[in-house]
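Residue numbers (the working numbering), protein chains in the order written: chain A, 90 to 377; chain B, 128 to 542; chain C, 22 to 272; chain D, 164 to 498.
Take a look at the structure set out below.
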Amino acid sequence: MDFFAVVVIQVVYAIATLALISIGLAIIYGMMRVINFAHGEFLMLGGYATVIPTHAGINLWFSMLVIAPVTIGLFGVVVERLIVRRLYGRVIETMLATWGLSLLIIGLVSWIIGYYQEGAAPPLGSILIGSYHVSTYTFFVILATSVIVVGVYVFFKFTPHGLIAQGTMQNDRMAAALGVNVHKVYAVTFGLGAALSGLAGAILAPMFGVMPIIGITYITKAFIVVVSGGSLVIGGTASASVLFGTISQIVTFATTPIVGEVALLVAAVLLLRLLPQGITGRFFRRGL
Amino acid sequence: MSLDVTRRSVLRIGTGAIAAVASLGPRLGLAESGDKIRIGTIQDLSSFLQPFGTQKKRCLDLAVDEINASGGLLGRQVELITYDSQSNDQLYAQFATQLALRDKVAVVHGGLQSSAREVIRPIFHRTNTLFFYNTPYEGGVCDRNCFCTGTTPGQLLENLLPYMIKKYGKTIYVLAADYNFGQLSEKWTRKIASENGAKVVASEFFPLDVAQFGPTISKIQAAKPAFIINTFVGPAHASFYGQWSAAGMKNEIPIASQTFGEGGEILRMPPEVAEGITVCYNYLDEIDTASNKVFLQRMRTKFGSDFGYIGDLGVNEYQGLLLWAEAVKKAGTLDREAVIKALESGISIVGPSGDVSLDPVTHHCIFNMYLAVAGKDRKFIIQEKFEKVRPTNPNGVCDLIKRPETNVQFQPEAL
Amino acid sequence: MHAPALSDADVREMTNGPILRTVGLRKTFGGVAAVDGVDFALAEGELRCIIGPNGAGKSTFFKMLTGQLRPSEGRILFRGQDISRQQRFRISQLGVAIKTQVPSVYDDLPVKENVRLSAARKQRPAGVRETVHHVLTRLNLSNHADRLVGELAHGQRQWVELAMLLAADPTLILLDEPTAGLTRNEVERLAQLLREMRGKQSVIVVEHDMAFVQMIGGTVTVFHEGRILVEDTMANIRRNTQVRNVYLGKR
Amino acid sequence: MKLNWAVIGPAAAAGCGLALAGILPSVVETFVLVDLTAYIVMSILALSLALVWGYGGILCFGQSAFFGLGGYAYVIGLINLGDSTIPVALGIVVPMIFAALLGYFLFYGRVGDIYLGVITLSVSLILYNLINSGAQFKIGSAAIGGNNGIPGVPPINFPGVPSSQLSYEGSFQLSLAALVIIYVALHFLLASNFGRVVVAIRSNELRTELLGYDARLYKLVTFVVGAAIAGLAGVLFANWGSFIGPTVFSIFFSAQIIIWVMVGGLGTLLGAVAGASIIQAVTTWLGSNKIADPNIILGIIFIVFVLLVPKGIQPRLADWLRSLSAWRGSSGKLT
């Protein structure tokens with residue numbers, strides 16, 4: 090019985106991690122229809138922005154929840170200025186440029202810091218569920234993800250910038266006609282997306298450790314989740330995460346991790362065949 | 128289309144030029160090398176296998192320095208030609224051909240992943256270029272042109288498992304990388320376990336990019352084994368240890384590992400995570416012998432005090448190169464046949480790990496194995512030393528003296 | 022105002038049964054009916070105009086006729102064959118060609134290639150070259166033949182799309198607001214062209230330009246809120262108070 | 164005028180190719196041939212994506228899947244049969260069949276572009292996982308080999324005579340011949356009515372269907388042809404390195420192909436060849452001269468490229484030459 094409880098926790102946790110690694114990409118993609126192939130590296134940098142200050146003696150939580158998102162957010166704004174802005178509306182070029190950026194970041198980080206795995210131990214210890222030990226950090230990840238998702242929703246739904254951004258997302262020409270500075274909106278949104286990616290990487294760092302190459306494991310899944318999610322930034326990402334997280338984790342429990350991974354991919358393939366615009370694309374226009 | 132001709136030729140010239148440049152680089156190095164003995168290596172010096180490649184390259188450089196400092200080989204200096212495979216098998220193939228056909232090196236030491244080894248081994252076999260593979264691997268390679276100086280699962284597990292079984296109990300949970308090394312090690316584990324009256328209660332295999340171990344940790348708790356033995360490979364898997372200790376399991380079920388430490392984890396992982404993990408290697412930086420002290424001193428003088436953890440990945444390169452040098456001295460020539468004969472004469476050296484000698488029959492190494500446990504202070508504490516551990520060779524499938532023409536990698540069913 | 026060469030009555034005489042019929046055609050988007058039970062008939066060789074305020078369902082109606090939308094209910098009979106569930110290319114192969122409201126052309130291809138692609142579907146290369154040349158001259162596009170369509174003005178792009186239609190030599194032509202962006206005498210020419218077609222090809226025109234509708238004459242069908250309000254000659258429709266209220270009244 | 168150029172172009176290409184095939188082996192050293200062969204094989208792979216994506220507008224993130232399938236089909240067949248003739252055919256047919264099934268699944272389901280990208284990516288990752296962990300599986304006498312792949316693949320032999328195997332030179336010439344033939348064939352395919360319709364679909368799918376063309380069918384055929392070419396590249400790759408491993412299914416490799424095509428210029432054939440060759444050459448060069456981490460150099464190259472040469476190499480070169488000749492023409496008039 091308590092094993093069942095543990096399974097449920099692990100499934101929810103898997104869903105949370107998927108949503109966490111995807112949300113930043115989702116906002117950028119949903120906003121400007123741009124696939125940021127350096128997304129994985131944003132997470133990776135977020136991880137380092139947590140581990141390095143912590144090694145330097147700064148409080149883990151402060152590095153994780155403040156330093157990482159801020160630095161990566163600013164970095165995102167710079168990237169938007171230097172690269173993405175020059176390529177608006179050119180999806181393919183943006184993909185190539187951001188792929189180049191991802192290689193560049195991997196190269197630089199490994200050159201400066203080295204390819205070593207920065208080992209870390211999740212804080213908060215563990216709790217007993219029946220006869221099972223479960224890392225308390227698992228619950229923290231679930232909680233943090235829920236807060237982030239809700240927070241993003243509130244931001245776009247109720248804050249002035251959020252509303253403008255949402256309008257721009259749905260119809261940038263109209264927004265421009267109404268005197269919205271589309272470029273500024275894009276810059277801020279890209280920065281926000283980057284910040285969230287950094288935060289995600291930071292939160293996951295104690296679980297997965299950090300290394301220059303870790304981005305690859307993130308980007309593939311995030312890409313699949315975001316696109317499968319369809320036109321709704323938050324609704325889509327959330328629903329896709331729930332679907333894939335549940336499937337892969339349950340299969341993993343029932344069989345092996347590799348079958349779980351394959352199950353996720355197969356699910357994505359079948360889903361997009363049945364709903365060619367992604368989960369939410371069929372029923373909604375672009376939005377949250 | 129009217130521009131095709133020009134365009135094509137332009138592009139052709141472009142490509143040609145680059146190819147020429149590509150070939151130029153080491154050329155320059157060659158020109159002033161005069162009558163030096165050229166030996167080659169291909170290492171993963173960039174991309175995701177870099178940490179291993181870097182350490183291996185350092186050890187080779189050190190060995191070359193020592194040989195040259197002591198007057199070189201056959202009175203000639205030795206020059207090491209290095210290529211960076213960028214952790215990419217296709218480049219392994221390209222550089223292997225270059226080493227064999229252009230640089231015409233006397234021997235090649237290198238390669239990390241088994242896939243890379245299996246890409247270049249045939250090339251060196253075909254081009255009669257002597258090849259040393261100085262890395263712990265899944266075992267079974269039987270090729271007269273190839274010498275494997277790393278540990279094989281049998282050598283390792285036949286010492287590690289009995290210790291664990293005696294100390295902790297007879298039920299084993301196996302966690303392994305989902306590829307050849309892991310799968311073969313798992314088979315060895317089952318075999319050796321049964322020989323020691325223990326049994327494997329469950330085995331799980333993980334793709335190299337899996338970093339999520341929640342379900343596994345729960346499954347292990349459900350199975351309640353006496354201990355865990357893992358064959359994790361690569362950084363993603365390393366996150367298991369953190370998640371394991373975070374789940375508060377560290378003091379519940381002990382872990383033995385076939386790979387922990389080879390990526391320098393012992394220095395990077397928080398001690399509260401690493402402490403207590405049991406390993407068994409041919410070499411550990413902590414070995415307290417004169418020869419090792421000298422070795423470490425030389426590393427420090429060459430690379431500064433923060434050269435990281437060496438481990439047997441690096442030292443195997445060092446020992447492999449010394450073995451070859453010894454054979455060349457004995458043969459008195461660089462001629463491949465003569466050197467192979469010398470190598471098959473039961474040649475041996477004293478390396479950082481102690482006595483290392485080549486087994487003529489399998490072209491693998493007979494050396495010491497050290498059993499150690501990760502301590503509190505980012506160091507291994509050596510528990511036992513097993514001397515002259517022979518390479519396992521089930522039912523003598525591989526006999527390069529009787530059957531020199533053999534050129535295969537024997538697969539698990541041979542077990 | 023010209024007198025039509027043939028009255029629609031004569032046309033109906035000559036032909037047996039309608040070329041196109043729709044029976045209780047409906048299309049709903051999330052509960053809202055854009056087209057709400059349309060029974061429509063077009064005679065072989067007839068030229069028909071459809072008018073109606075924005076959102077009356079004209080374009081949706083066209084989209085269903087050409088397989089761009091699946092009807093929610095009802096049937097579309099083209100020469101007695103039910104095409105309401107057919108793929109759009111299959112319907113086109115049956116001889117139904119459409120000029121969409123926003124010109125749908127190959128902006129990044131030359132005018133000539135646009136027309137060629139249309140002609141090449143049915144014809145052998147030799148015939149194709151001939152057709153292309155003939156159509157381009159007929160719509161005096163010859164001197165634009167090698168320009169990219171994207172570079173042309175809106176009006177000219179309309180003509181290109183028209184040329185593509187003619188090159189395909191269809192039996193039923195659907196024109197969605199063809200006069201948009203045309204100059205006065207271009208409109209004249211278009212009307213002339215359509216009158217020439219009468220009797221040879223069946224044509225349905227959706228138009229807002231009343232003068233134009235007047236010009237080409239023939240029966241006019243008024244759409245309102247997804248239904249057919251009236252079908253009559255333009256003259257009578259002008260007098261129709263109902264129409265005035267829903268449509269002209271708004272002017 | 165246009166027409167005869169359309170013939171002269173590929174003819175010249177063929178000429179150059181044959182000349183190189185004849186001359187190079189005697190003038191350059193073997194290891195250079197080996198490298199060039201690798202570039203040629205990758206150029207063929209790039210051509211397959213140039214067709215499918217550059218002209219067909221099908222954003223395929225899994226082109227390497229067909230490359231890998233071709234390679235594995237060839238190797239497994241060869242190990243079982245001993246003679247390379249049928250295996251080569253297998254290496255082309257198997258990917259075609261796979262592409263036909265996948266393509267039917269995609270195009271007749273009218274899956275949208277980026278979604279198509281995700282599906283193709285996922286499919287190649289599925290293949291990666293299956294083969295990578297399939298060390299214990301055998302097909303006939305061929306062990307899949309898991310992550311180690313299948314090493315020691317014998318070279319292609321003269322049909323029916325397993326003993327007469329291709330030398331390094333032979334492989335170079337065969338690959339170059341394949342490249343030239345495929346280039347010329349694609350050239351004419353794209354000039355044909357079929358090719359023009361394919362381009363039309365990329366330009367405006369709705370209109371093309373309203374003209375009565377079945378876009379699904381045209382896309383499917385394009386996809387399958389692309390798979391065949393990629394499969395052949397896979398065969399030649401396995402023959403070149405005498406190994407095939409699961410990494411050919413990895414996202415890294417798939418992305419590489421996309422980059423080659425983009426760097427060369429979308430909607431061009433020679434561009435794809437150039438992109439593949441140049442990037443390959445640069446990568447090799449970086450491996451032999453340790454300047455900096457190759458990732459840094461490549462990353463900078465890609466970024467700079469997109470920002471400064473967005474159209475890709477070939478169009479840039481074309482513009483440049485065109486303006487040159489235009490200038491010549493005008494100056495010619497003056498005198």
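Idealized CB from N, CA, C, for every residue including glycine.
Can you pull the DSSP bridge partners for C492 of chain B?
C492 of chain B pairs with B:L485.
Take T200 of chain D and list the residues in its own chain whose beta-carbon comes closer than 6 Å to its own, dropping the five residues that flank it on each side.
The residues are S334, F335, S338 and W403.
If we count the other Cβ atoms within 10 Å of its Cβ and call it buried at 16 or more, is D261 of chain A buried or exposed?
Classification of D261 of chain A: buried, given that the 10 Å Cβ count is 16 or more.
Could you pull out every residue in the same chain whose Cβ sits closer than 6 Å to the Cβ of S150 of chain B, ignoring the five residues on either side in sequence?
Its pLDDT being 44, under 50, S150 of chain B is placed unreliably in this model, and the value from its coordinates should be taken loosely. Closer than 6 Å at the Cβ level, and outside the excluded window around S150 of chain B, lies no residue.
Under 8 Å between C-beta atoms, does P546 of chain D make it to chain A?
With chain D running from 164 to 498 in the structure shown, residue 546 of chain D is simply not present.
I need the boundaries of the beta strand (DSSP E) containing Y221 of chain A, first residue and last residue.
Y221 of chain A -> beta strand (DSSP E) spans Y221 to S224.
At a cut of 8 Å, does the stretch 188 to 197 of chain A reach the stretch 140 to 156 of chain A through at least three beta carbon pairs?
No, they do not touch.
Looking at C-alpha atoms only, which residue of A:F151, A:I292 and A:V123 is the closest neighbour of A276 of chain A?
Closest by alpha carbon: A:V123.
Hey, how far is the Cα of Y221 of chain A from the Cα of F92 of chain A?
Using only the alpha carbons, I get a separation of about 7 Å.
Which residues in the same chain as A177 of chain D place their Cβ atom closer than 7 Å to its Cβ, once the five residues preceding and following it in sequence are excluded?
The residues are V343 and V347.
Since G167 of chain B sits in a beta bridge, which residues does DSSP pair it with?
Paired residue(s): B:I208 and B:V235.
Jot down the residue ranges of each uninterrupted beta strand (DSSP E) in the stretch 319 to 380 of chain B, minimum 3 residues, whole runs only, in chain order.
As far as the stretch 319 to 380 of chain B is concerned, its whole beta strand (DSSP E) runs of at least 3 residues are 326 to 333 and 354 to 358.
Does chain D have any CB closer than 8 Å to the CB of R170 of chain A?
For R170 of chain A, the answer is no, since every Cβ of chain D falls outside 8 Å of its Cβ.
For L154 of chain A, collect the residues of the same chain with a Cβ closer than 8 Å to its Cβ; drop the 5 residues on either side in sequence, then sort them by chain order.
Within the same chain, L154 of chain A has close Cβ partners L288 and A291.
If the cut is a Cβ gap below 9 Å, which residues of chain D does I258 of chain C touch?
Residues of chain D passing the Cβ test: none, with the nearest at roughly 30 Å.
Using a Cβ-Cβ cut-off of less than 8 Å, list which residues of the stretch 514 to 530 of chain B approach chain A; keep chain order.
Under the 8 Å Cβ criterion, the stretch 514 to 530 of chain B contributes no residue.
Classify S242 of chain B: buried if its beta carbon has 16 or more other beta carbons within 10 angstroms, exposed otherwise.
Buried is the call here.
Have a look at E207 of chain C and S163 of chain C and give me their C-alpha separation to the nearest angstrom.
Roughly 16 Å between the two C-alpha positions.
Give the straight-line distance between the Cα atoms of G389 of chain D and G225 of chain D, rounded to the nearest whole angstrom.
Going by the C-alpha atoms only, they are around 11 Å apart.
Under a three-way DSSP split, which group does N286 of chain B fall into?
Helix, per DSSP.
By the three-class DSSP mapping on this structure, what secondary structure does D526 of chain B have?
Of the three classes helix, strand and coil, the one that applies to D526 of chain B here is coil, per DSSP.
Could you pull the DSSP bridge partners for G478 of chain B from this structure?
DSSP, once it has assigned bridges, lists B:G481 as partnering G478 of chain B.
Check R154 of chain B in the structure and name its three-state DSSP category.
Legend: pLDDT at R154 of chain B = 38, less than 50; position of this residue unreliable, no value from coordinates given.
Label K133 of chain C either buried or exposed according to how many other C-beta atoms from any shown protein chain fall within 10 Å of its C-beta, with 16 as the threshold for buried.
Buried, by the Cβ-count rule.
Distance cutoff 8 Å, beta carbons only. Does R139 of chain B sit that close to anything in chain A?
Unreliable positioning characterises R139 of chain B in this predicted model, as indicated by a pLDDT of 38, which lies under 50. A coordinate reading is not provided.
On a CA-only basis, which of C:R210, C:I72 and C:G238 is nearest N161 of chain C? Give me that one, please.
Looking at the Cα atoms, C:R210 is the closest of the given residues.
Just to confirm my understanding: we take P39 of chain C, look at its own chain, exclude 5 residues before and 5 after, and list those with CB closer than 6 Å. What are they?
Here the set comprises A62, L63 and A64.
I think H491 of chain B touches T256 of chain B, with their Cβ atoms under 8 Å apart; what is that distance to the nearest whole Å?
The Cβ separation is near 20 Å, so there is no contact.
Which same chain residues end up closer than 8 Å to K506 of chain B when comparing Cβ atoms and leaving out the 5 residues on each side of it in sequence?
Contacts found: I393 and E413.
Considering only the alpha carbon of each residue, which of B:E532, B:L172, B:L189 and B:F354 lies closest to F430 of chain B?
Considering only alpha carbons, the answer is B:L189.
For the beta strand (DSSP E) containing G146 of chain A, list its first residue and its last residue.
From DSSP, G146 of chain A is part of no beta strand (DSSP E); its letter is neither H nor E.
With a CB to CB cut of under 7 Å and the five nearest residues on each side skipped, what residues in its chain are close to I319 of chain B?
So the qualifying residues of the chain are L284, E285 and L288.
Distance check for F50 of chain C and T242 of chain C, CA to CA, integer angstroms please.
Going from the Cα of T242 of chain C to the Cα of F50 of chain C covers about 23 Å.
Residues in the same chain with beta-carbon distance under 7 Å from G502 of chain B, minus the five sequence neighbours each way, listed in chain order, please.
Result list for G502 of chain B: E402 and I508, in chain order.
Using a 10 Å radius around the Cβ and a threshold of 16 neighbouring Cβ atoms, would you call T158 of chain C buried or exposed?
Label assigned to T158 of chain C: exposed.
Taking Cβ positions only, does Q385 of chain B come closer than 8 Å to chain A?
No, because no Cβ of chain A sits closer than 8 Å to the Cβ of Q385 of chain B.
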